[in-house]
Amino acid sequence: MPSRSIDLPQGTLDLLILRTLSLEPLHGWAVSERIQQISSDVLRVQQGSLYPALHRLERRGWIKARWGISENNRKAKFYELTKAGRRQLEIEQDSWQKLTAAVSQILGTA
Amino acid sequence: MLLHDLLFRLRTLMRRPAVETELEDELRFHLERQTDKYVKSGMSEAEAFRRARLEFGGLDQVKNECREARGLSLAESLVQDFHYSASTLLHSPAFTACAVLTLALGIGANTAIFSVVNTVLLNPLPYPNPQELLAARQNESLANLKDMQRQTHSFASSGGVNISPMDFTGNGEPVRVHGAWVDAGLLETLGVQPMLGHWISADEDVKGGARNVVLSYPFWRDFLGGDPHVLGRAIRLSDQTYTVIGVMPRNFTLPRELADVFVSLWAAYPEAAPERGVHFMHTYWRLKPGATLAQAQAEIAQADHRLAEAFPDTERERGTVLMPLHERLVGDVRPALLILFGAVGLVLLIACANFAMLLMARAVTRQRELMIRASLGARNSRLIRQRLTESTLLALVGGAAGLISAKAGTTLLLALKPEELHRLDAIPVDARVFLFVFAISLLTGLLFGLLPAWSASCGDIAEALRENARTTATGVSRSPLRSFLVTAELALALILLAGAGLLIKGFLRLRSVDPGFNPANVITMYLQLPGTRYPQIQLQTNFRRELLARINAFPGAEAAMISDLPLAGNFVGHRLVVEGQPTPAMGSEPLVQVLSVMGDYHGVMQIPIRAGRDFSEMDREGQPRVAIVNETFVRQLLPGQNPIGSRINWARADDPNDWMTIVGITADVKHSGLNQPVDPAIYTPFSQNDEAWRKFMTLVIRTRVPAAALVEDVKKQVWTMDSQIPLSSIQAMDDLLAVSVAQQRFNVLLLGSFAVLAVALAGVGIYGMVAYRVNQRTHEIGVYIALGAQHGDVLRLVMKDGVKLGLLGIVLGLAGALALTRLMVSLLFEVKPTDPATMSGVALLLGAVAVLACYIPARQALSIDPMTALRRE
């Protein structure tokens, strides 16, 4: 495991999952792989914590699940974004960008 | 969003096994994929799997979190909580019994009263589209009713009814039955069809129309054996033959009247039918769809105006008020019922306060268990939820027990019901009552379970733990919630006690009102002469005179008769003029009660003659007309005039020069009710009666022999003279007096028993608090006694808090009572809602109860043995 990887800040996992699923429907393992690849292994997602988050998002109606066949020909549970999820993603992306902009401004001027 | 969430949880719960397998599959897939990845990168299978597991974290924990994320764990843990609660409750039967009993009392009383409110105020009338039905406040004559029907357009139909006694003969003993003298529109208005045959048609309901009768179901069943071929049969009613043309359905009743047979007014009483001035029918009106009460009222007002102009001698003072039928029926009892409902709600609050205190005491005794569970990682929310489950379970069981006790309560209520609730022949426990019980039980369990659970999680338990550990010598439990509950329940109890006290005082006042006569040992019975055999006044007079002579011949019996008995609800009103006074405008002459008497009526009833003389044998037919008036008559109509010798006559009399001379003045009699003002009244001799329709009379007999034997003798005498005349309304004057205050007695009994219940519950509450504190402070008290404290000191120490809270509760309760008793002013008779004597009386009473409730557990503190108490350390 790369030593430079950092733990995920609280509450950002949902945002990352929604963002990842906005491109295409994926199963849980692929979601965790994708997050790690895209973040160039900087972010470390505790794999176990991914699943409760997926189930929670499903309960909220932001993603929905169906069983399909995986790339290695196995039965797997695929998640895809719902309309409500897409709206939620926009909201969260927006507020995240505001937050980071504000934080970097403070850090930049300090 | 919320809906989605709920549906999601529900779906999850229902396909629980499938969800579990899917979760298993999903996580296994992940681990396999991850293992594959590491194998491809060159690891051994075993090493790769180990690595994947390690990265994944605790599998079971992840599964649990997933379940929780799906909302599954909540439902499941509820079931767990339920099992757990049920078994712990079964293991502490004393606590469970106390809690269930407390709630059963509170919920039971509420359910009983709610059942009555439900039946009387909430249930719709038993007629189709009842919201279209209206009733007039005033009575009406048939002629006016017909004119009003013609002149208005808002009504689909309307009809009238007068209830008059009729004699049913030819079936053994003559029986007096309730005849409904109707006009044909009545049944169409109510929207009901006969079960057999048909209703009286409009062309039968005319002068000289066919003499037809429709029977009520009970009459048909009881007197005609439920004969299915009854249509066309002839029956004898008041000496006339009627043909049965219909039978009403079993559950049919008129809105306000009891009726056995229905006949056209034209057939039963052709003389009265065209009389415009005789307002004796109750009228009912059905609005056309879309018409409003306001439109109808406006039309009726116009019709009133036209009638007043056309017939000023009788119709000058019209002012018909229409109101929804339901309001007409329940308007009088609504305030009393709502107040009782409010009162019983306070009783429930007190019961709930006790329930909450029981739960708190239990929490403290179970603190060790709770502490262990908390230290094992049970979260606070879970502990609260578990206790809520327990309290809700208790409340639901209490509610079920309450439902059973309510059933007994409603039976009792039916036995006590006053006249105004006569429609109430059953109090069904319907779906709405079930829903009510379920709702208040659930609410009680959640709300009053939450209070102590919440306060426990906020530190009361911690405090209790400290106490129990006895680490502090001054560790005094002053749980603010418990103090609040005790204060609140005493305040509520005081409010109830004040309400009950006021009602009782009013009731005693009412009972001590002098009715103006002596009801003791007076038996009364009603009879009416059939118009066919006694058409002339002289025949009626002969019958009356003969009957009185026969009864007065009984040893120890003094008999007289009067046309309308006091407190029986009826009187004949006539307008009159006084000789020498300016004649008022036609139709606005003073209206007085006219009471015909025969025999020594004032002597038998012991109504004192204030001036002049009583009637004598000489005041009879053919002699100068005489009258006796009451004191109110003198005060209102003969001011500044010597009443004896003054002369009066009916307004617009046939012979305006045939004056009646006033020969005496009697004391006032409360004719219309003990709480009603006295109207001006005149007594005239039956033998000088000038109205042949006054064929009825009530015998009043003062006797020292048992009433039952006397009644049989009187019946024999009546039937020797005429075997076709029924005797009815046989009752003691004492009973009549009691019936006249039945509504007030009903209120007093109910509110009184609620107050007793409330005081008992509040007493138990304050007792429980002091007993609990004595128990918690055994050690401290032991030390205190060991240091030489006297009995008085110990009592003071222990009782101080309880008495203080009790006094605070009483003061707050007085403030509440002063604010709330205003609402019951309509139920009070000659008592101000703020009556200081009552208020201070109930405050003292409740204070005494509170002190006693503190004293009993304090006595136990005295018997604490210091050595034992210290050794318990």
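Quick note, the sequences are listed as chains A and B, same order. If you number the first sequence the way our numbering does, the last residue is 110 and the count never jumps. If you number the second sequence the way our numbering does, the last residue is 873 and the count never jumps. Glycine included, each C-beta is placed from N, C-alpha and C at the ideal position.
If you run the structure through DSSP and keep just helix, strand and coil, what is residue i?
i	result
L142 (chain B)	helix
T253 (chain B)	coil
Q240 (chain B)	strand
I537 (chain B)	helix
Q193 (chain B)	coil
L576 (chain B)	strand
Q593 (chain B)	strand
T868 (chain B)	helix
Y269 (chain B)	coil
E80 (chain A)	strand
D167 (chain B)	strand
E369 (chain B)	helix
S563 (chain B)	coil
W650 (chain B)	strand
W659 (chain B)	coil
P857 (chain B)	helix
H27 (chain A)	strand
Where residue i and residue j are concerned, what is the direct C-alpha to C-alpha distance, given to the nearest angstrom?
i	j	result
E140 (chain B)	Q240 (chain B)	26 angstroms
N72 (chain A)	I63 (chain A)	23 angstroms
P289 (chain B)	M605 (chain B)	54 angstroms
H279 (chain B)	L231 (chain B)	33 angstroms
R385 (chain B)	D81 (chain B)	8 angstroms
G841 (chain B)	Q744 (chain B)	21 angstroms
A498 (chain B)	T583 (chain B)	52 angstroms
E271 (chain B)	R236 (chain B)	20 angstroms
G788 (chain B)	A848 (chain B)	29 angstroms
A30 (chain A)	A361 (chain B)	55 angstroms
N64 (chain B)	G58 (chain B)	10 angstroms
L492 (chain B)	Q676 (chain B)	33 angstroms
G170 (chain B)	S723 (chain B)	11 angstroms
S85 (chain B)	P255 (chain B)	51 angstroms
V192 (chain B)	L567 (chain B)	34 angstroms
H671 (chain B)	D679 (chain B)	8 angstroms
L674 (chain B)	V333 (chain B)	18 angstroms
Y242 (chain B)	L265 (chain B)	13 angstroms
L6 (chain B)	E80 (chain A)	21 angstroms
L846 (chain B)	A363 (chain B)	29 angstroms
L773 (chain B)	K804 (chain B)	Note on identity: in this sequence residue 773 (chain B) is Arg, with Leu being the wrong assignment. Near 14 angstroms, if we compare the C-alpha coordinates of K804 (chain B) and R773 (chain B).
What residues in its chain sit with their C-beta under 6 angstroms from that of residue i, if we drop five residues either side in the sequence?
i	result
A48 (chain B)	T35, Y38 and V39
P335 (chain B)	S826
N689 (chain B)	I537 and S596
G185 (chain B)	S157, S158 and G159
R704 (chain B)	G556
P726 (chain B)	D167, P174, V175 and R176
L808 (chain B)	T487
N518 (chain B)	Q606
What is the C-beta distance between residue i and residue j, in whole angstroms, given that I count them as a contact (C-beta under 8 angstroms)?
i	j	result
M839 (chain B)	A817 (chain B)	7 angstroms
V247 (chain B)	G197 (chain B)	6 angstroms
A837 (chain B)	I523 (chain B)	Contact flag wrong, Cβ pair sits at about 38 angstroms.
A869 (chain B)	L490 (chain B)	In fact, because the Cβ distance is near 30 angstroms, the residues do not count as touching under 8 angstroms.
A762 (chain B)	I440 (chain B)	20 angstroms between Cβ atoms; not a contact.
N642 (chain B)	M660 (chain B)	Not a contact, Cβ separation roughly 16 angstroms.
Could you list which residues in chain C have their beta carbon closer than 8 angstroms to that of residue i, in chain order?
i	result
W29 (chain A)	Here chain C cannot be found, since the structure's protein chains are A and B.
So, for residue i: in the same chain, excluding its five sequence neighbours on each side, which residues have a beta-carbon less than 8 angstroms away from its beta-carbon?
i	result
S3 (chain A)	Any reading at S3 (chain A) must be qualified, since the residue scores a pLDDT of 46, below 50, and its modelled position is unreliable; the value itself is stated next. None.
E92 (chain A)	D14, L15 and L18
Might you give, ordered along the chain, the residues of its own chain that have their beta carbon closer than 7 angstroms to the beta carbon of residue i, omitting 5 neighbours on each side?
i	result
V437 (chain B)	I107, T111, G399, G402 and L403
E132 (chain B)	R286 and L287
Three Cβ pairs or more, each shorter than 8 angstroms: is that satisfied between the segment 745-757 of chain B and the segment 504-511 of chain B? yes
Is there contact between the segment 147-158 of chain B and the segment 298-313 of chain B, where contact requires at least three CB pairs shorter than 8 angstroms? Counting Cβ pairs under 8 angstroms, three or more are found: they touch.
Below 8 angstroms, how does it come out for the segment 115-133 of chain B and the segment 320-335 of chain B: are there three or more Cβ pairs, yes or no? yes
Do the segment 681-696 of chain B and the segment 619-627 of chain B meet, that is, are 3 or more Cβ pairs less than 8 angstroms apart? yes
Check whether the segment 346-365 of chain B touches the segment 477-493 of chain B, taking contact to mean three or more Cβ pairs, one atom from each stretch, closer than 8 angstroms. Using a Cβ-Cβ distance cut-off of 8 angstroms, the segment 346-365 of chain B and the segment 477-493 of chain B are in contact, since at least three pairs of beta carbons, one from each stretch, lie closer than that value.
Can you find at least 3 beta carbon pairs, one from the segment 706-725 of chain B and one from the segment 542-552 of chain B, that sit closer than 8 angstroms? With the cut-off at 8 angstroms, the segment 706-725 of chain B and the segment 542-552 of chain B touch.
Would you say the segment 73-91 of chain A touches the segment 88-99 of chain B, given that touching needs at least three Cβ pairs under 8 angstroms? no
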